[in-house]
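Undergrad:
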Amino acid sequence: MTIKFIPPERHRDYIGALTAVLSAAAGVYTLNPFSTSAQASNIWKAFKGVETATPENLAWVWLNATITLAANEFLAFIARENELMLQARDGAVEAFLKAAIPEEITAEFNDGALRSPVTHEAFQPARKAIIAFVLALTRITLFDEETSQKERYQREFDRHLNRASAYVFSAHYDRLKPLETAVTGPATEAMRREAAWARHYDWIHRKVDTEPVFSPDGTVTTPLKPLYLRPRAYWHELLREDDEAGDKSRYRAHLGDLHQTLEDWLATDDAKGMNTLRLIAGGPGSGKSSFAKVFASESILRERYRVIFVELQHMRSMTGELLSDLTSYLKRRPPSKVTEGTPGLPDNALQWASDENRPLLLIFDGLDELSFVGDHAAELTRKFILSVRQMLITQNAEGTWLRALVLGRNAAIQSGMREADIPMHLLLNVAPIRKLTQDDLKPPRYSSPDERRDKCEFPDLSRLPSNLTRDQRPAYWLNWAKAQGEIAPTPKAVTDESLSDLNVEPLLLHLLILSDYCGEQWKEAAENRNLVYEDILAKVYRRNAEKPNNPRAWSEDQFFHLMEALGIAAWRGNGRAGTEATFDAVCKRHARHLFKGASGPQVPDMDSVILQTHARPIDGPDAGFEFIHKSFGEYLVARGLVTAAIRLHKRWTSEANEEEESYFALIWAELVRDAALTAAALGATSKPWNTQRSNGWIGSTTVACLNQLGTSRRQKQRPISTKLWKLKPWPRN
Numbered sequence: 001m002t003i004k005f006i007p008p009e010r011h012r013d014y015i016g017a018l019t020a021v022l023s024a025a026a027g028v029y030t031l032n033p034f035s036t037s038a039q040a041s042n043i044w045k046a047f048k049g050v051e052t053a054t055p056e057n058l059a060w061v062w063l064n065a066t067i068t069l070a071a072n073e074f075l076a077f078i079a080r081e082n083e084l085m086l087q088a089r090d091g092a093v094e095a096f097l098k099a100a101i102p103e104e105i106t107a108e109f110n111d112g113a114l115r116s117p118v119t120h121e122a123f124q125p126a127r128k129a130i131i132a133f134v135l136a137l138t139r140i141t142l143f144d145e146e147t148s149q150k151e152r153y154q155r156e157f158d159r160h161l162n163r164a165s166a167y168v169f170s171a172h173y174d175r176l177k178p179l180e181t182a183v184t185g186p187a188t189e190a191m192r193r194e195a196a197w198a199r200h201y202d203w204i205h206r207k208v209d210t211e212p213v214f215s216p217d218g219t220v221t222t223p224l225k226p227l228y229l230r231p232r233a234y235w236h237e238l239l240r241e242d243d244e245a246g247d248k249s250r251y252r253a254h255l256g257d258l259h260q261t262l263e264d265w266l267a268t269d270d271a272k273g274m275n276t277l278r279l280i281a282g283g284p285g286s287g288k289s290s291f292a293k294v295f296a297s298e299s300i301l302r303e304r305y306r307v308i309f310v311e312l313q314h315m316r317s318m319t320g321e322l323l324s325d326l327t328s329y330l331k332r333r334p335p336s337k338v339t340e341g342t343p344g345l346p347d348n349a350l351q352w353a354s355d356e357n358r359p360l361l362l363i364f365d366g367l368d369e370l371s372f373v374g375d376h377a378a379e380l381t382r383k384f385i386l387s388v389r390q391m392l393i394t395q396n397a398e399g400t401w402l403r404a405l406v407l408g409r410n411a412a413i414q415s416g417m418r419e420a421d422i423p424m425h426l427l428l429n430v431a432p433i434r435k436l437t438q439d440d441l442k443p444p445r446y447s448s449p450d451e452r453r454d455k456c457e458f459p460d461l462s463r464l465p466s467n468l469t470r471d472q473r474p475a476y477w478l479n480w481a482k483a484q485g486e487i488a489p490t491p492k493a494v495t496d497e498s499l500s501d502l503n504v505e506p507l508l509l510h511l512l513i514l515s516d517y518c519g520e521q522w523k524e525a526a527e528n529r530n531l532v533y534e535d536i537l538a539k540v541y542r543r544n545a546e547k548p549n550n551p552r553a554w555s556e557d558q559f560f561h562l563m564e565a566l567g568i569a570a571w572r573g574n575g576r577a578g579t580e581a582t583f584d585a586v587c588k589r590h591a592r593h594l595f596k597g598a599s600g601p602q603v604p605d606m607d608s609v610i611l612q613t614h615a616r617p618i619d620g621p622d623a624g625f626e627f628i629h630k631s632f633g634e635y636l637v638a639r640g641l642v643t644a645a646i647r648l649h650k651r652w653t654s655e656a657n658e659e660e661e662s663y664f665a666l667i668w669a670e671l672v673r674d675a676a677l678t679a680a681a682l683g684a685t686s687k688p689w690n691t692q693r694s695n696g697w698i699g700s701t702t703v704a705c706l707n708q709l710g711t712s713r714r715q716k717q718r719p720i721s722t723k724l725w726k727l728k729p730w731p732r733n
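Residues 1 to 733 (UniProt numbering) make up the sequence shown, in order.
#1: Taking the DSSP output, what are the residues bridged to residue 579?
#2: Using only alpha-carbon positions, find the residue among 421, 363, 411 and 480 that is nearest to residue 386.
#3: So what's residue 711 in DSSP terms, helix, strand or just coil?
#4: Which residues in the same chain as residue 675 place their Cβ atom closer than 7 Å to its Cβ, once the five residues preceding and following it in sequence are excluded?
#5: Assign residue 7 to one of three DSSP states: helix, strand, or coil.
#6: Tell whether a beta-carbon distance below 8 Å holds between residue 577 and residue 409.
#7: Between residue 94 and residue 30, is the Cβ-Cβ spacing less than 8 Å?
#8: Check residue 112 in the structure and name its three-state DSSP category.
#9: Taking only the alpha-carbon atoms, compute the straight-line gap between residue 689 and residue 642 and give it to the nearest angstrom.
#10: Taking all protein chains shown into account, do 16 or more other C-beta atoms lie within 10 angstroms of the C-beta of residue 381, making it buried, or fewer, making it exposed?
#11: Could you have a look at residue 256 and say whether DSSP puts it in helix, strand or coil?
#12: Less than 8 Å between the C-beta atoms of residue 169 and residue 265, yes or no?
#13: Run the CB neighbour count on residue 13, radius 10 Å, all protein chains shown included, and call it buried at 16 or more, exposed below.
#14: Residue 209 to residue 158, Cα distance in whole Å?
#15: Have a look at residue 434 and residue 291 and give me their C-alpha separation to the nearest angstrom.
#16: What first and last residue would you give for the alpha helix (DSSP H) that runs through residue 365?
#17: Could you tell me if residue 519 is buried or exposed, where buried requires 16 or more neighbouring beta carbons within 10 angstroms of its beta carbon?
#18: Rounding to the nearest angstrom, what Cα-Cα distance links residue 652 and residue 661 in this structure?
#19: Given a cut-off of 8 Å on the beta-carbon distance, is the pair residue 218 and residue 506 in contact?
#20: Is the CB-CB distance between residue 111 and residue 190 below 8 Å?
#21: Reducing DSSP to helix, strand and coil, say where residue 131 ends up.
#22: With a threshold of 16 other CB atoms inside 10 Å of the CB of residue 7, please say whether the residue is buried or exposed.
#23: For the beta strand (DSSP E) containing residue 238, name the first residue and the last one.
#24: Our contact map puts residue 255 next to residue 194 with C-beta atoms below 8 Å; I'd like the distance itself, whole angstroms only.
#25: How many Å lie between residue 378 and residue 417 at the Cα?
#26: Taking buried to mean at least 16 other C-beta atoms within 10 Å of its own C-beta, is residue 366 buried or exposed?
#27: In three-state terms, what does DSSP make of residue 301?
#28: Considering only residues of the same chain and omitting the five flanking positions on each side of residue 5, which have a CB-CB separation below 8 Å?
#29: Taking C-alpha atoms, which residue in 564, 26 and 554 lies nearest to residue 596?
#30: For my contact list, residue 161 and residue 118 are in at a C-beta cut-off of 8 Å; report their separation, rounded to the angstrom.
#31: Any idea what DSSP makes of residue 697, helix, strand or coil?
#32: To the nearest whole angstrom, what separates the beta carbons of residue 167 and residue 202, a pair I think is in contact under 8 Å?
#33: Measure the alpha-carbon distance for residue 439 versus residue 487 and round it to whole angstroms.
#34: Run through DSSP, which three-state label would residue 456 get?
#35: Quick one: residues in its chain with C-beta nearer than 6 Å to the C-beta of residue 436, no 5 flanking neighbours on either side, listed in chain order?
#36: So what's residue 283 in DSSP terms, helix, strand or just coil?
Listed below in structure tokens is the structure:
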């Protein structure tokens with residue numbers, strides 16, 4: 001059974017109410033077309049007081065809200081390209097709504113209305129009215145045929161229509177759920193599945209269109225979409241094997257737009273062998289996860305593939321049977337709020353795709369994030385790509401048209417490739433955002449520049465389109481400035497080579513822009529990048545301290561000690577993530593003394609700490625946390641080690657001390673355990689960062705750094721005796 005779209009007998013002037021909402025949105029977008037959809041919440045309020053007791057009434061409300069939300073987001077798009085004529089907006093909006101939502105609707109609600117609103121009869125009046133809407137709102141009189149402007153605007157509205165359909169159903173699922181159960185007969189199961197897909201898709205879209213990007217003081221409301229840079233990627237074609245004659249190059253490097261490269265791959269019909277798999281690798285902060293979210297969202301809107309997005313840091317208790325693990329993961333991931341979509345799906349979604357004979361794209365983001373729970377998980381990480389490969393072969397042989405993307409850091413991806421014997425051309429490497437050179441396209445296996453050039457053919461970058469090679473950082477700054485409603489030239493800090501540690505990766509560039517060191521003080525950050533991290537964390541502290549009725553009234557010293565404890569706990573893990581048990585143990589040695597006898601807050605739990613910094617929780621049996629960017633952890637562990645070393649040194653050298661050296665050495669050993677001192681962590685303790693590799697315990701390398709502290713709030717101390725640190729590595733429990 002299908003459902004008719006019937007307005008309730010009693011309702012307010014909804015055309016007038018919706019006209020007011022869209023007219024207000026047009027005014028906002030005229031001032032700043034990069035604003036988020038501030039009027040979205042007001043659309044549903046326009047139906048306040050509407051009697052919607054029947055499924056027919058609910059279907060009518062859903063249709064009206066979907067069309068209005070799509071028009072709202074389309075307005076922002078139009079405002080970015082054209083000047084809106086404010087004097088005509090009320091009339092244009094009212095005319096569009098009357099044409100888009102006729103008084104009598106002959107179409108009926110069914111599962112197709114959710115699955116593909118663009119092709120559903122109920123949405124055709126809105127689609128037909130959109131071009132007239134553009135002409136009435138802007139100064140356009142004729143569309144540019146060379147750029148297919150009219151067709152492009154139609155496609156853009158269709159994209160917003162698909163997005164709005166999922167959003168409205170998911171955001172108001174509690175109220176609209178009767179629609180899911182009212183469709184009976186053969187369409188019942190299809191409707192239930194479409195509702196589940198809609199909630200999953202809304203969860204994905206929100207990560208791109210709605211959720212604000214990180215800001216230390218919480219004032220930035222800009223989502224990812226207006227800031228996003230389309231990544232470039234390079235990959236390598238094998239020309240000869242190792243045992244063949246060495247008179248020709250072994251590899252040929254290719255460079256392309258990552259989105260277009262994968263869209264071309266998905267457009268092919270070859271579902272055999274390894275062509276169903278692609279791997280994406282990049283360093284921390286290179287934009288892998290941002291790409292995964294945007295590509296998933298765009299793939300949903302293109303409607304060719306069903307899409308499942310999996311955050312691997314939440315995929316716990318893995319057995320090695322990936323199909324079973326994936327099904328369990330999706331069933332275990334109910335939404336924290338039904339109105340914000342859901343990362344899970346209620347049943348075997350792979351079977352759903354097989355039943356409807358529709359291709360399915362699996363996106364696994366964060367391969368390296370499986371490894372923080374220990375050796376067993378490290379083995380699962382290494383074998384994960386092999387498991388994906390085997391699942392693809394099996395499922396495609398059984399009739400499911402399945403493809404998969406796996407994203408992770410270089411080391412994790414390459415380890416998995418070796419385990420699964422994956423050819424190199426399936427690996428797409430995320431390129432830096434600065435201007436590219438041939439050296440940026442080198443194969444990862446080589447270290448000598450001469451050897452790389454001898455064994456790899458590189459494209460002539462001067463012959464490639466400029467969007468593939470140019471410096472993308474000014475574009476990011478322009479996106480940022482527009483999104484904040486500002487017009488400002490690109491600051492020197494954004495592109496200067498002396499700040500390459502902070503401005504060649506999207507995430508670190510974003511943090512640099514948020515700090516006080518993107519303006520006139522940028523040279524200070526060039527000499528010591530730790531100033532940027534400290535500034536960001538200080539802003540986080542002030543944001544939380546200024547909150548009214550804040551139950552966690554920590555002092556700044558307490559706050560930084562807790563942040564350092566997070567860093568040391570992550571260092572004792574895999575450098576980026578740590579467990580709650582480790583954090584508690586580190587706090588006992590590193591921060592508890594600041595809370596003893598205090599009338600204020602006691603030593604807090606891990607969850608309350610990570611809520612206040614650049615980290616996120618990890619659930620599962622080994623609950624813990626993860627830094628969104630590893631360099632935050634590197635800064636905090638270095639700062640924590642220096643803080644701990646200075647404190648122990650003061651106690652050891654004080655006149656009141658009666659303890660032997662071994663007592664302090666034991667305290668140090670209990671703090672650091674068997675964590676390895678990497679060059680990155682050591683580099684954060686010094687300025688400049690020319691350090692030597694350590695053998696796994698604090699030695700003269702760190703001691704030499706202590707007179708050049710990277711933490712600007714610490715006074716310089718005289719060198720610490722290396723006698724304290726000559727201790728064998730702590731045995732692993």
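Positions of the beta carbon are idealized from the N, C-alpha and C atoms, including for glycine.
TA: So, to answer that:
#1: In the sequence shown, counting from the first residue as 1, residue 579 sits at position 579. Beta-bridge annotation (DSSP): residue 579 is paired with 624.
#2: To locate residue 386, count along the sequence shown from 1; it is residue 386. Among 421, 363, 411 and 480, the Cα nearest to that of residue 386 is on 421.
#3: Counting from 1 along the sequence shown, the entry for residue 711 is found at position 711. Because the pLDDT of residue 711 is 37, which lies under 50, any placement of that residue in the model is unreliable, and the number read from its coordinates should be weighed accordingly. If DSSP states are grouped into helix, strand and coil, residue 711 belongs with coil.
#4: Here residue 675 refers to the residue found at position 675 when the sequence shown is read from its first residue. Close CB contacts of residue 675 within its chain, under the 7 Å cut and outside five residues either way in sequence, are with 571 and 572 (chain order).
#5: Here the question's residue 7 lines up with position 7 in the sequence shown. In this structure, residue 7 counts as coil in the three-state DSSP scheme.
#6: Locating residue 577 in the sequence shown gives position 577, where the first residue counts as 1. Locating residue 409 in the sequence shown gives position 409, where the first residue counts as 1. Taking C-beta atoms as the reference points, residue 577 and residue 409 fail to come closer than 8 Å.
#7: For this step, residue 94 is matched to residue 94 along the sequence shown. For this step, residue 30 is matched to residue 30 along the sequence shown. For residue 94 and residue 30, no; Cβs fall outside 8 Å.
#8: The residue you call residue 112 lines up with position 112 of the sequence shown. DSSP, reduced to helix, strand and coil, places residue 112 within a helical segment of the structure shown.
#9: As a first step, residue 689 must be located in the sequence shown, where it is residue number 689. As a first step, residue 642 must be located in the sequence shown, where it is residue number 642. Residue placement at residue 689 is flagged as unreliable, the pLDDT there being 32, under the threshold of 50; the coordinate-derived value follows with that caveat. Near 15 Å, if we compare the C-alpha coordinates of residue 642 and residue 689.
#10: Sequence index remark: in the sequence shown, residue 381 carries index 381 (1-based). Per the 10 Å Cβ criterion, buried.
#11: On the sequence shown, residue 256 is found 256 positions in, with the first residue counted as 1. Residue state for residue 256 is assigned as strand, using DSSP reduced to three classes.
#12: Position 169 of the sequence shown holds residue 169. Position 265 of the sequence shown holds residue 265. Against a cut-off of 8 Å, the Cβ pair of residue 265 and residue 169 comes out as no contact.
#13: Counting from one through the sequence shown, the residue named residue 13 turns up at place 13. With fewer than 16 Cβ atoms within 10 Å of its Cβ, residue 13 is classed as exposed.
#14: Translated into positions along the sequence shown, residue 209 becomes position 209. Translated into positions along the sequence shown, residue 158 becomes position 158. If you draw a straight line from the Cα of residue 209 to the Cα of residue 158, it is about 16 Å long.
#15: Here residue 434 corresponds to residue number 434 of the sequence shown, with the count starting at 1. Here residue 291 corresponds to residue number 291 of the sequence shown, with the count starting at 1. Computed Cα separation, rounded: 17 Å.
#16: The residue you call residue 365 lines up with position 365 of the sequence shown. Element bounds for residue 365: not the alpha helix (DSSP H) but the beta strand (DSSP E), 360-365.
#17: Position 519 of the sequence shown holds residue 519. So residue 519 counts as exposed.
#18: Stepping through the sequence shown from its first residue, residue 652 is reached at position 652. Stepping through the sequence shown from its first residue, residue 661 is reached at position 661. The straight-line gap from Cα to Cα measures roughly 7 Å.
#19: Counted from its first residue, the sequence shown places residue 218 at position 218. Counted from its first residue, the sequence shown places residue 506 at position 506. No, they are not a contact pair.
#20: Position 111 of the sequence shown, counted from the first residue, corresponds to residue 111. Position 190 of the sequence shown, counted from the first residue, corresponds to residue 190. Going by C-beta atoms, residue 111 is nearer than 8 Å to residue 190.
#21: By 1-based counting over the sequence shown, the position of residue 131 is 131. Residue 131 sits in a helix when the DSSP states are folded into three classes.
#22: Locating residue 7 in the sequence shown gives position 7, counting from the first residue. Its Cβ being crowded by 16 or more others within 10 Å, residue 7 is buried.
#23: By 1-based counting over the sequence shown, the position of residue 238 is 238. For residue 238, the enclosing beta strand (DSSP E) starts and ends at 232-238.
#24: Position 255 of the sequence shown, counting from 1, holds the residue named residue 255. Position 194 of the sequence shown, counting from 1, holds the residue named residue 194. No, residue 255 and residue 194 are not in contact; Cβ-Cβ is about 40 Å, not under 8 Å.
#25: One-based indexing of the sequence shown puts residue 378 at position 378. One-based indexing of the sequence shown puts residue 417 at position 417. Cα to Cα, residue 378 sits roughly 14 Å from residue 417.
#26: The count along the sequence shown starts at 1 and reaches residue 366 at position 366. Buried, because 16 or more other Cβ atoms sit within 10 Å of the Cβ of residue 366.
#27: Numbered from 1 along the sequence shown, position 301 holds the residue referred to as residue 301. Three-state result, residue 301: helix.
#28: Taking the first residue of the sequence shown as 1, we reach residue 5 at position 5. So the list reads 56, 59, 60, 63, 105, 107, 108, 109 and 122, once near-sequence residues are dropped.
#29: Taking the first residue of the sequence shown as 1, we reach residue 596 at position 596. Taking only the C-alpha atoms, the option nearest residue 596 is 554.
#30: Position 161 of the sequence shown, counted from the start, is the residue given in the question as residue 161. Position 118 of the sequence shown, counted from the start, is the residue given in the question as residue 118. With 8 Å as the limit, residue 161 and residue 118 qualify as a contact, their Cβ atoms being about 6 Å apart.
#31: Looking up residue 697 in the sequence shown gives position 697. Because residue 697 carries a pLDDT of 31, less than 50, the predicted location of this residue cannot be relied on, and no value is offered for it.
#32: On the sequence shown, position 167 is the one that residue 167 refers to. On the sequence shown, position 202 is the one that residue 202 refers to. At roughly 5 Å, the Cβ-Cβ gap stays under 8 Å, so residue 167 and residue 202 are in contact.
#33: Mapped onto the sequence shown, residue 439 falls at position 439. Mapped onto the sequence shown, residue 487 falls at position 487. One C-alpha to the other measures close to 34 Å.
#34: Within the sequence shown, the letter at position 456 stands for residue 456. The answer is strand: DSSP assigns residue 456 an E or B state.
#35: To locate residue 436, count along the sequence shown from 1; it is residue 436. If you ignore the 5 residues before and after residue 436, its C-beta comes within less than 6 Å of the C-beta of 469, all in its own chain and listed in chain order.
#36: Numbered from 1 along the sequence shown, position 283 holds the residue referred to as residue 283. If DSSP states are grouped into helix, strand and coil, residue 283 belongs with coil.
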